[in-house]
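Using my numbering, read the sequence shown as starting at 203 and increasing by one per residue.
To start, the structure under review is shown below, and the notes come after it.
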Amino acid sequence: MGENLANNHYAQLNQGEENEMEIFGYKTQGCRKALCIAGYILSCGGLLLLFHWKPEWDVWANCTRCSLEEADVVLLRTTDDFRIYSRKTVTWISVSALIKSRLDYPATAEEDSIFSKAIMKPSLQVRSIQVQKIRYVWNICAKQFQKIGVLEDHHTCSAIYAKFGSGLTCNEQNVRRVICGPNTIEVPVIPIWKLLIKEVLNPFYVFQLFSVCLWFAEDYMEYAIAIIIMSLLSISLTVYDLRQQSLKLHRLVESHNNIMVTVCRNKEGFQELESHHLVPGDTLLLKEGKTLLPCDAILISGQCVVNESMLTGESIPVTKTCLPQADNFKPWRMHCAEDYKKHVLFCGTEVIQTKADGRGVVKAVVLRTGFNTAKGDLVRSILYPKPMNFKLYRDALRFLMCLIAFAAIGMIYAVCVFALNGEETGEVVKKALDVVTIAVPPALPAALTTGIIYTQRRLKKKGIFCISPQRINMCGQLNLICFDKTGTLTEDGMDLWGLLPSERNCFQEIHSFSADHSLPWGPLFKAMAVCHSLIIWEGKIQGDPLDVKMFEATNWVIDDSSGHQVGGQGSVHATVVRPGPKASSAPVEGIIVLHQFPFSSALQRMSVIAQEIGGEQQVFTKGSPEMVAMLCRGETVPSNFERKLLLYTTQGFRVIGLAWKSLQIGKQLTDLTREEVESDLTFLGLLIMENRLKRETKPVLEELSAARIRSVMVTGDNIQTAITVAKNAGMIPPTNRVILVEASKVPGTFSASIAWKPLEENKTEDYGRLEDDGQTELALAAGQYHFAMSGKSYQIVAQHFRHLLPKLLLNGTVFARMSPSQKSSLVEEFQKLDYFVGMCGDGANDCGALKVAHAGISLSEQEASVASPFTSRTPSIACVPELIREGRAALVTSFCMFKYMALYSTIQYLGVLLLYWQLKSFGNYQFLFQDLAITTVIGVTMSFTGAYPKLVPYRPPSQLISPPLLLSVVLNILFSLSVQILGFLVVQEQPWYTKTDIYSACLSVNSHMENSSSTSSLGLHGMKDGAQEQTDNGYKSYENTTVWLLSTINCLIVALVFSKGKPFRQPIYTNYVFVLVLIVQLGVCLFLMFANIDGLYSKMDLVCTPTTWRISMVIMLAVTLAVSFLVEEAVIENRSLWLLLKKTFQYHSKSHYKRLQRALELDSAWPPLNETTFSDSVAISVEGNMGGHNNPTFDSNEDAL
């Protein structure tokens, strides 16, 4: 029984997905709940607050373990490194009002549907939970919680047509609507009071509240009020920021929540309803004209042109075709493979054109609703961002724990000293608690936040916008940047360079487009005129830039204004292309595009069926040359095809293959399969396009290389083109070797092979010759080699050669033909090697990788880039070094601030503990001066220092607990302790020192100097003493004055010494405000030291000391400054010294990639050359999900040709 409970108590939610979680079942117990309520009351809400911070403790205290089937509360835990807990209550949904009799049971949809499996009989209720805006219902048969609001994946293509083609009945629709909930992406604007409460309950603010209450109890009003004002300001800014984000997100989604749509009702015809009533399985009717899609849907008849810029960041219209009516047993998504997106219309996108086929209407079946949709997924990724695992934040917590431990020692000391001297209990408790507020600086988080805010402001001025400020510090650690190619490293547009026609399996003379002579009429001309997916939208030709350039070269025009009569097909809405005013004479009036097989990155091609007006039907295909050549009849492909292709791709050109054939009319167009159409083609030639590097690409990559930051290209383009662009851009230096890694599955087996081929260097006319072997060996021995591989090879290596993947990534520079999910996976694999990875792309096909990377930089301002932490206004990679510079400066500022805050609190703590020995302490105004006039002002101005313009070839430390930082803090604490103890002890040895008469020091000096007026002087001082003794609050003493002045100026010394300049920040003198603040503060401190103004001294709880003693204090402080500065510069900042120590003690970096590098340097057999290795292991299944976030709308159209 116990074992059964253990098995049923736990399950996994969203297994294998990005938001995978563990789920545990619990049942609320009455007596436990009663005990907890008593605890809340007795602890004055303290226990409730603790449960708010730790929801798992709440569940464990109030509930007992049970199976998920019986649970009324579930505990969820993320499966990542953070293991974050959340608590959810199980709710019941009743459908009894909709199911009146047994006859209605089948109406809850077919038997294998989740809807019928979720309804409990006879109560007719459904158990559900809501997690991160997604609803899950309890599947009675599978005994697990299952996502609802999605059409099940198991349906075949034919089943979708059969079950949903004519729509759901009213009753089915109603039952589904109650169970799924409304089809809305509702992001309510969070009320200000809710945001306030959430912010105020932050542990940091609770600690501040404790501190403020204690200060009020001690009449330390001024600083308490100052902290309240600062906290209120900080809370107000945070709440305002959160409120603005909430409003922005609300506006982004509200337009999609209420659109009028037409749905098909089974046996009841068409019905108009509001989009929030839609459910999975509904059949939508898409009318002509622009339509905003309120859900994800599968197109089952007709054709659509959709603008997906809202989700992909690319404003190129995309053509969607209907789902094939294949009669097989494969689920529809498996049947369509990677092509399934070509049949899916995504929520948030805009249908700009519909084309009906022979069936007369354009219909789509609702696939996903609400937050399950592509747009919902994007919104959820903003609402629930992936937490970051950064050493700095972990170390910050450890640092605070150390300070708390420090405070605990001080508390014990305070209790012992005051209790032994017979102080009142209340006073002892106050003094002990006071130590906590001194040792743990309440202003620390505010000071750290200001640094990030200033950096964010500087980035904004440079056109870089940040939606995740905590990632700024992470940018300071980046040591590997992945770049997309097209639109990122190279210009977005392309220029036609030439056309290489092929006739009778021989390449002809190249046709140059720069010349005046036009292209002769023929199949090649027709292919360029019709083989594209361009449309006229808002009066302009819209589509892929490559297609636009190719079509414009023909000087023809598109006319898609009306329906056209096609033999045997009836009137079909089709695109017609006609000769334009500038076109050379053609023997035809125009060409009708009858049917289109859209571009597919999996198939690397697109095709159209076209017909000359009054002529025969023909097929034209365009795609990657290798793929097009495979589809052509062997005798039509030139024998030197591969050699010619290599010639152009190695020069960095983008090459497209073209082919055609005549189509024998035997079938209806809609019945023709893609395989039938794209077979036995005739090869027409190669279209050669130039994709120029952006002007700033090479200098930026050189700057990153000089700073020892790796650059990697991740693209969808041809591997040869990518390698050439990498060489031209300087990613691969001229002396370095490129090794092609080609992995493929062995046909008929479960194993795979991997081949290592040194890239052939093509020199003028001598193709295929390898470089001198000796030179190659030298380059390899020095580690000067780069791996290049395709997405297909990457996937096979990840499945079959997992052990080789880290080695390949260590020197992998070019990754070509990569799909969006493979890009995300690659970034994650680099992160597993302990690289800090930045990703720079255009925000479309890179959407997933931008989110997964430590710092994703989108060069697109479209709304898709909302998932990226950083967005650059200028579409140039120049923002990358800029961001790294600012990140490094911000990281160093954070360390400076940590060190300063640690020293300031320690200096004050040591001073107070020294005075506690004499049952004294600092006065309120002394605390106020140190806390407010010194530390708060320094905390605000220290972060003004900007980033150093040059990127140095090493990074700042990534953790607080690194030897140089720890040594710096420890030594400065010792210097502070020494100077304070020295002052404390030496002042007691002075001849003028007395414990009882704290005004005698100056008096005795004055009496020696002014004997003549000694009587009046004595009388005057006697009066003063009497007056001051009345106002003396027990703080005044020679020790207090000495220790306070030494500790206050010591804070200034520490601030100056810790304010780092080069190599990561600009020199300290460039921060004029900070320098001015330090000068003014030092001036005020020296004024207080030498002033002798009785009223001021009385207010500040200071006493007069002889000038010689004040000069002695200045000398002590000057020595402290000199020693501290010398140690910081000669030891802490001495990089050569630390490198020598590392070498002496044989310390090596623990980073995975560094360890691997050292191992490979000793491996003479690496890298293998001209070898083929076979896998003997079973493949690791990574099909379908290569990991990472994948933008569901994007199909790597980018440059997969």
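Note that beta-carbon positions come from the ideal geometry of N, C-alpha and C, so glycine has one too.
Assigned exposure category for residue i - 16 Cβ within 10 Å defines buried
{"i": "CYS708", "result": "exposed"}
{"i": "ALA1092", "result": "buried"}
{"i": "HIS356", "result": "exposed"}
{"i": "TYR1156", "result": "exposed"}
{"i": "PRO393", "result": "exposed"}
{"i": "ASP697", "result": "exposed"}
{"i": "ILE225", "result": "buried"}
{"i": "ILE331", "result": "buried"}
{"i": "SER1239", "result": "buried"}
{"i": "LYS544", "result": "buried"}
{"i": "HIS797", "result": "buried"}
{"i": "THR652", "result": "buried"}
{"i": "LEU1319", "result": "buried"}
{"i": "PRO1071", "result": "buried"}
{"i": "LEU1187", "result": "exposed"}
Nearest-angstrom Cα separation, counted from residue j out to residue i
{"i": "ALA812", "j": "ARG1075", "result": "42 Å"}
{"i": "ALA945", "j": "SER955", "result": "6 Å"}
{"i": "VAL563", "j": "SER503", "result": "7 Å"}
{"i": "ILE1200", "j": "PHE409", "result": "37 Å"}
{"i": "PHE366", "j": "PRO482", "result": "10 Å"}
{"i": "GLN1110", "j": "PRO1158", "result": "29 Å"}
{"i": "TYR212", "j": "VAL328", "result": "20 Å"}
{"i": "ILE295", "j": "THR281", "result": "29 Å"}
{"i": "PRO722", "j": "PHE753", "result": "15 Å"}
{"i": "GLN1120", "j": "TYR1299", "result": "21 Å"}
{"i": "SER298", "j": "SER325", "result": "7 Å"}
{"i": "GLY248", "j": "ASP260", "result": "13 Å"}
{"i": "TRP417", "j": "ASP597", "result": "29 Å"}
{"i": "GLY741", "j": "ALA361", "result": "40 Å"}
{"i": "SER1180", "j": "TRP255", "result": "41 Å"}
{"i": "VAL1282", "j": "TYR1037", "result": "44 Å"}
{"i": "GLY241", "j": "LEU215", "result": "33 Å"}
{"i": "LEU494", "j": "ARG379", "result": "21 Å"}
Residue i - DSSP class collapsed to helix/strand/coil
{"i": "SER296", "result": "strand"}
{"i": "ARG780", "result": "strand"}
{"i": "LEU494", "result": "strand"}
{"i": "PHE1177", "result": "helix"}
{"i": "LYS349", "result": "strand"}
{"i": "ASP761", "result": "strand"}
{"i": "SER826", "result": "coil"}
{"i": "GLU219", "result": "coil"}
{"i": "MET915", "result": "strand"}
{"i": "LEU1168", "result": "helix"}
{"i": "MET696", "result": "coil"}
8 Å Cβ cutoff met for residue i and residue j
{"i": "ILE743", "j": "VAL732", "result": "no"}
{"i": "PHE855", "j": "MET808", "result": "no"}
{"i": "VAL839", "j": "LEU847", "result": "no"}
{"i": "GLU791", "j": "SER864", "result": "no"}
{"i": "TYR1237", "j": "GLY1058", "result": "no"}
{"i": "MET492", "j": "THR464", "result": "This sequence places Lys at residue 492; Met is not what is there. It is not a contact, given that the beta carbons lie outside the stated cut-off."}
{"i": "LEU480", "j": "ALA566", "result": "no"}
{"i": "LEU398", "j": "ILE350", "result": "no"}
{"i": "LYS1406", "j": "GLY932", "result": "This structure leaves residue 1406 out entirely; the chain is present only between 203 and 1403."}
- Note down, one range per segment and in chain order, each alpha helix (DSSP H) of at least 4 residues found wholly within the segment 713–750. 725–732
- Task: Just list the alpha helix (DSSP H) runs in the segment 829–895, keeping only unbroken ones of 4 residues or longer that don't cross its boundaries, in chain order.
- Result: 843–851 and 876–879
- Query: In chain order, which continuous runs of the beta strand (DSSP E) of length 3 or greater are located wholly inside the segment 983–1008?
  - Reply: 987–992
- Just list the alpha helix (DSSP H) runs in the segment 559–611, keeping only unbroken ones of 4 residues or longer that don't cross its boundaries, in chain order. 576–585
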